[in-house]
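Undergrad: Numbered according to full-length UniProt numbering, the sequence shown spans residues 1 to 1072. Don't be surprised by glycine CBs; every beta carbon is placed ideally from N, CA and C. One structure is given below, represented as structure tokens, and several questions about it will come after.
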Amino acid sequence: MPLREINNLAGLLAWSPIGSSDLRSVVAVGTKDSGSIGFDDYGGDLELYDLCLNQGTSSSTPEVKSLGSVKTSSRFASISWSPMTSKQQEFPMGLIAGGMLDGTVNIWDPARLANGHEQPQLTSINKHTGGAVAGLQFNPHPASSHLLASGGSDGEVYIMSLENPQTPNVFVPAPPPNQTKHTGEISKIAWNTQVAHIVASASNNGSAIVWDLRQKKPWCELREANRSPISDICWNPTEGLHLITASSDDANPVVKLWDLRASTTMPLATLQGHTQGILGVSWCPHDPRLLMSTGKDNKTIMWDLFSLKAIAELPSGVEAEAAPSGGNANSIGGGAFGGMGASQQKRYDIQWSPHCRGVLATCSFDRKVQAHSVVGAGQASGKAPKWLQRPAGVTTGFGGKIVKFNSALKTGVAIERMVEEPVLKAASEYFEGMMANKDYKGFCETKIANSQSEKERQVWGFMSLIFENNAREQLVQYLGFDSEAISRIATELDPSSDISGGIKESKMGKMAEDAVSKALLVGNFEAAVECCVKNGQLADALILSSCGGVELWQKAQAMYFEREASSRPYLNIVNAVINNTLSDLVGKSDLSNWRETLAILSTYGKSEEFPGLCEALGARLQEAGDMDSATLCFMSALNIPKTVAFWKAELDQALGMGDNIMALHTFIEKVTVFSQMQAGFTFPEDVQEMFTQYAEALANQGLGTIAMKYATSQSQDCAELRDRLWNGADDKRAAGRQPGFPWGKVNVGISPAAGGVAKPVAQQQQGGGGYGQGQAQGGYGQQQQRVQQQQQQQPQQQQQQVQQQHQHHNQQQTQQQQQPQTNPANHGLPPGWLAMQDPGSGRTYYANQQTGATTWDPPPMPIPAAPVPQPKVMQPPNPSQQANLSTPTKPTFSSQNLANKYGDGFVSSASNPELAAQYGNIGTANPYNGAARPAGANVAGSSTGTPHQVPTQATAEPVPQVQEIPPELMTVVNGLKGLIGSLEGAQLAMPERKQLGEISKGCEILFVKLATPNAIDPDTAEKLQTLVAALQNRDYATAGNMSTLLANSVWRQHKDFLKGIKYLIQLAGKKL
1 MPLREINNLA GLLAWSPIGS SDLRSVVAVG TKDSGSIGFD DYGGDLELYD LCLNQGTSSS
61 TPEVKSLGSV KTSSRFASIS WSPMTSKQQE FPMGLIAGGM LDGTVNIWDP ARLANGHEQP
121 QLTSINKHTG GAVAGLQFNP HPASSHLLAS GGSDGEVYIM SLENPQTPNV FVPAPPPNQT
181 KHTGEISKIA WNTQVAHIVA SASNNGSAIV WDLRQKKPWC ELREANRSPI SDICWNPTEG
241 LHLITASSDD ANPVVKLWDL RASTTMPLAT LQGHTQGILG VSWCPHDPRL LMSTGKDNKT
301 IMWDLFSLKA IAELPSGVEA EAAPSGGNAN SIGGGAFGGM GASQQKRYDI QWSPHCRGVL
361 ATCSFDRKVQ AHSVVGAGQA SGKAPKWLQR PAGVTTGFGG KIVKFNSALK TGVAIERMVE
421 EPVLKAASEY FEGMMANKDY KGFCETKIAN SQSEKERQVW GFMSLIFENN AREQLVQYLG
481 FDSEAISRIA TELDPSSDIS GGIKESKMGK MAEDAVSKAL LVGNFEAAVE CCVKNGQLAD
541 ALILSSCGGV ELWQKAQAMY FEREASSRPY LNIVNAVINN TLSDLVGKSD LSNWRETLAI
601 LSTYGKSEEF PGLCEALGAR LQEAGDMDSA TLCFMSALNI PKTVAFWKAE LDQALGMGDN
661 IMALHTFIEK VTVFSQMQAG FTFPEDVQEM FTQYAEALAN QGLGTIAMKY ATSQSQDCAE
721 LRDRLWNGAD DKRAAGRQPG FPWGKVNVGI SPAAGGVAKP VAQQQQGGGG YGQGQAQGGY
781 GQQQQRVQQQ QQQQPQQQQQ QVQQQHQHHN QQQTQQQQQP QTNPANHGLP PGWLAMQDPG
841 SGRTYYANQQ TGATTWDPPP MPIPAAPVPQ PKVMQPPNPS QQANLSTPTK PTFSSQNLAN
901 KYGDGFVSSA SNPELAAQYG NIGTANPYNG AARPAGANVA GSSTGTPHQV PTQATAEPVP
961 QVQEIPPELM TVVNGLKGLI GSLEGAQLAM PERKQLGEIS KGCEILFVKL ATPNAIDPDT
1021 AEKLQTLVAA LQNRDYATAG NMSTLLANSV WRQHKDFLKG IKYLIQLAGK KL
């Protein structure tokens, strides 16, 4: 059953445009006929009903409530309701307009009608002549809601301004001399939903005109090719250039969707689903995807305009009726449409509610007005209606980004950056600018001026001295000892002002004087000095000691300092300076006067001794608990570890009291500026962790480029942060080189076939029985075993690949017991050969690091030469010896593995070199067999019957030992691996995939040469570094130039990998 139903009422319906809770479900119905029989069948009625949609459907609640009615002089041909936004005070329920059958347009005040006013009608407009006014609509725009457009059977369109309803102003959309007009009866009028001065009218002769009221002329005209009458017209609720027209022609009952930007002669789409003419359409104001249409065929269809399909049908009561042809509509019963009931007769009018989402009203010829809910109808299209979707949402992303969606946004989705810490952002940008300009001293001065505490001012003051040319002199000045002021005081001092009464002189006794004189006569200066000292004549003693040699002079000084230092403390300074014992002065100095001590060290300390003396003073202060003063001493000594450790302790204390991001910023500032004097200093892990946290904080403020400069730690968290920062950067060039991938790539390989467990390569090579087994099997056994080896070759190579990638992971128990620590694929290979993995196919191939030769087959072991006098010519061995020289056999492997790989038991020789050698190959040759493959020894007893020829034994050159790649060349390795990884994740065509295989093969050869001493000269290595750096920065021109230089200079020596590098530049330029 429907949500609400009004019986015995045949009319036209208009929903209330007022969105308040008490008016949103009110409808106005203008009757089309009175329903009576006889001569009293005159006029009609205008009735107001409250459908009470907010009160549910319980039996105790009245389903429909009549609010009032009024008799009209004529029946209704059309009806419209305006909110009269500009006159809400005067008309709280807006205005209702009715287009009557007699050609008049009547205006009512619904508030008067609901209140039982005697005269609810405000005015009547008589402009149309000769018939009904079938087209009538108020302007939906709030500022123009007083404009009413009407179209009658006379083909005229009028615009009525109802700012003063009692005296309306009527005008035409295209006044003379414009002669454009409809030649047939106007069926519908529709205002544009986006542009207030655009209105469209449709007529029964198949034309629709779009009028521009501002230009006062038609904007365009749409015509039906066969002049089929247009029964209804409506605009897209959200797109002002999309228009719908419906045809009432039984021969062509279609709905046409027009895009006026594209064409006015060819519709954008045509909806076919009705079998007879369409009487009305309504575009859902809450979801522009949905359109309702009702027709003479007793079908009311819901269309999905995105898929252009019918997704539901409003039940008509005829249970066995099929779905509309070509429309794929689903006839949805009671529950899906919210309990829609059946209607035995055709519906001629349908209107969506402007405020009750998912609710529509229909009028039918059986004199019923019904309200229906379409909640659930979207299930047929697989998409919920738009009003059930979240109207807005927001989520946060990395780098301070916020992604939000809102129906009010033009694009629907917007990405913005939110700054949680504007102070941090401003301070970081300022600090970055000062560091970029290397204005360290200027930054320190700014910090001194802005510091809030004396301790911070002292720290930045000492920091600024580091960048002075005469730092130690400036340090003395900063400590408060102005040399000019002190000199002025010393020279201007008046001895008479001294409280001691001036300098007191003491005279030596007669006997002492005689003793000194006699000692001088005989040249005994030492006795003369001792006599002077005993009698208090220290000055005389010093003068005399200068004549007696160095030892006497030093002895006299010691006696002088010993006797006078207690009464004159400054002599301790003189003693330390003269005797170069500043370390003793530091150890005995008064810590309360540490500034004086530091000034003495700065004035008299030698350059090589000064840092150690400052550290010793700082250590004493640290032991005494004066950490602030100790830190200043450590700063003077440029001791970064101890200074930063103290700042780190301060930071931990600040962070422990709360999340103080500015404390972290200040710490980073001090550490960064202080470490400028020692470039390349490596901070401990706890300090690097602070840099990582700071980089993450900057990233959250949208400062990803600056954050990259601080994310330098080697920890896993920092590696992940660097990767996120680089990939999230808007400008990759500003972000610098691409960092290494934070996680190791592991090729999981292919699991062994069911029914058996693959053994490790080492076990396979050792468990095959060696030469003895090959000899015991004889001719037929070896031939059969060779076929088995050919079948098992590819799974075995895959097993080698798995073992290479998972050496350090848990494997099956047999692998744990037998797998060696080194690469198992390299066991049993001749010297100089390495097992490599082809990234394109996943197969294992073998490369000679000395010659550059490659092969898919394992190279044979060298055969030792017999000790004969002439080593260049060897006699062929006898049959028994030939049998002993047979190729080592491999353990048999289930042929099911190869069959499972290809889906059947057949194997093409195109992908199997050994089968190709045995049976021949018709097709494309292996692209990786560019180099000649080394020939293996013939198997004894083979079908060829060729006698075994022992190769010439020549003196082999020593094979260079493979070592680790030097650290300075790891940038080449990491850069190439990163580029190959990026290409592997790109969309590549099959030829490009093959090209990538060549690139990987060449890079593997390059890596081997980089690990081989003296294989690549320094100039070539430098060019390779430049080439890889250019590729990482997407500078393909520079990379191409470097490749050309390398090809011109070292092509003969390194053509095996230069070709792959050339392919890499080409492929990266297209795909990265």
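(1) Measure from the C-beta of S307 to each C-beta in chain C and report whether the shortest distance is under 8 Å.
(2) Cα separation between T72 and V394?
(3) Once the 5 residues before and after Q738 are set aside, which same chain residues still bring their CB inside 7 Å of it?
(4) Consult DSSP for C220 and reduce its assignment to one of helix, strand or coil.
(5) Answer with buried or exposed for L409, where buried requires no fewer than 16 other C-beta atoms within 10 angstroms of its C-beta.
(6) When the Cβ atoms of the region 458-470 are set against those of the region 627-634, are three or more pairs found closer than 8 Å?
(7) Within 10 angstroms of the Cβ of L834, are there 16 or more other Cβ atoms? Answer buried if so, exposed if not.
(8) Roughly how many whole angstroms lie between the Cα atoms of F667 and L996?
(9) If the criterion is Cβ atoms closer than 8 Å, does the pair K648 and D686 meet it?
(10) Around the C-beta of I1016, are 16 or more other C-beta atoms found within 10 angstroms, so that it is buried, or is it exposed?
(11) Which residue wins for smallest C-alpha separation from I600, given the options R472, A558, Q678?
(12) In terms of alpha-carbon separation, which member of A619, G549, M635, R357 lies closest to F467?
(13) Roughly how many whole angstroms lie between the Cα atoms of K404 and A729?
(14) Let me check understanding here. Comparing Cα to Cα, which of M990, T1012, P177, G740 lies closest to T971?
(15) Considering only their Cβ atoms, is the gap separating I79 from G30 smaller than 8 Å?
(16) Which one or two residues does DSSP pair with I198 in a beta bridge?
(17) Measure from the alpha carbon of G98 to the alpha carbon of each residue in Q121, P83, A114, A707, then state which is nearest.
(18) Considering only DSSP beta bridges, list what F138 is partnered with.
(19) Let's test the definition: count the other Cβ atoms within 10 Å of the Cβ of D40 and tell me whether it reaches 16, buried, or not, exposed.
(20) Taking one C-beta from the region 42-57 and one from the region 21-28 each time, how about it: are there three or more such pairs within less than 8 Å?
(21) Among all the DSSP beta bridges, which residues are the ones paired with I350?
(22) Applying the 10 Å Cβ sphere with the 16-neighbour rule, what's the burial state of T597?
(23) Go ahead and label I706 buried or exposed: buried means 16 or more other beta carbons lie within 10 angstroms of its beta carbon, across all protein chains shown.
(24) So, for Q1066: in the same chain, excluding its five sequence neighbours on each side, which residues have a beta-carbon less than 7 Å away from its beta-carbon?
(25) Quick one, are the C-beta atoms of L95 and S74 less than 8 Å apart?
(26) Hey, how far is the Cα of F683 from the Cα of P641?
(27) Of the choices Q1053, I965, G975, Q1025, whose alpha-carbon is the least far from that of T1012?
(28) Please classify L721 as buried or exposed, where buried requires at least 16 other C-beta atoms within 10 Å of its C-beta.
(29) When you compare each of E998, G680, Q676, M677 to M836 by their alpha carbons, which one comes out closest?
(30) W15 and P237 - do their beta-carbons sit closer together than 8 Å?
(31) Give the secondary structure of I244 by DSSP, where H, G and I count as helix, E and B as strand, and everything else as coil.
(32) Give me, in chain order, the residues of the same chain whose beta-carbon lies closer than 6 Å to that of Y694; leave out the 5 immediate sequence neighbours on both sides.
(33) When burial is assigned at 16 or more other CB atoms within 10 Å of the CB, is I402 buried or exposed?
(34) Distance check for A208 and L241, CA to CA, integer angstroms please.
(35) Mapping DSSP to helix, strand and coil, what is F741?
(36) Can you have a look at V423 and say buried or exposed, based on whether 16 or more other CB atoms are within 10 angstroms of its CB?
TA: Well, looking at it:
(1) The displayed structure is made up of one protein chain only, and chain C is not part of it.
(2) 54 Å
(3) W726, G978, Q1032
(4) strand
(5) Result: exposed.
(6) yes
(7) buried
(8) 47 Å
(9) Yes, the Cβ-Cβ distance between K648 and D686 is below 8 Å.
(10) buried
(11) R472
(12) M635
(13) 20 Å
(14) G740
(15) yes
(16) Residue pairing by DSSP puts I198 in a beta bridge opposite D212.
(17) Q121
(18) According to DSSP, which records beta bridges pairwise, F138 is partnered with L148.
(19) Only weak support exists for where D40 lies, its pLDDT of 49 falling under 50; the coordinates are left without a value.
(20) yes
(21) T362
(22) By the Cβ-count criterion, T597 is buried, with 16 or more other Cβ atoms from all chains shown falling within 10 Å of its own Cβ.
(23) I706 counts as buried, since at least 16 other C-beta atoms from the protein chains shown sit within 10 angstroms of its C-beta.
(24) none
(25) Contact: no.
(26) 8 Å
(27) I965
(28) buried
(29) E998
(30) no
(31) I244 falls in the strand class under three-state DSSP.
(32) Contacts found: L664, I668, Y710.
(33) A residue is called buried once 16 or more other Cβ atoms fall within 10 Å of its Cβ, and I402, having fewer, is exposed.
(34) Using only the alpha carbons, I get a separation of about 14 Å.
(35) coil
(36) With fewer than 16 other Cβ atoms within 10 Å, it is exposed.
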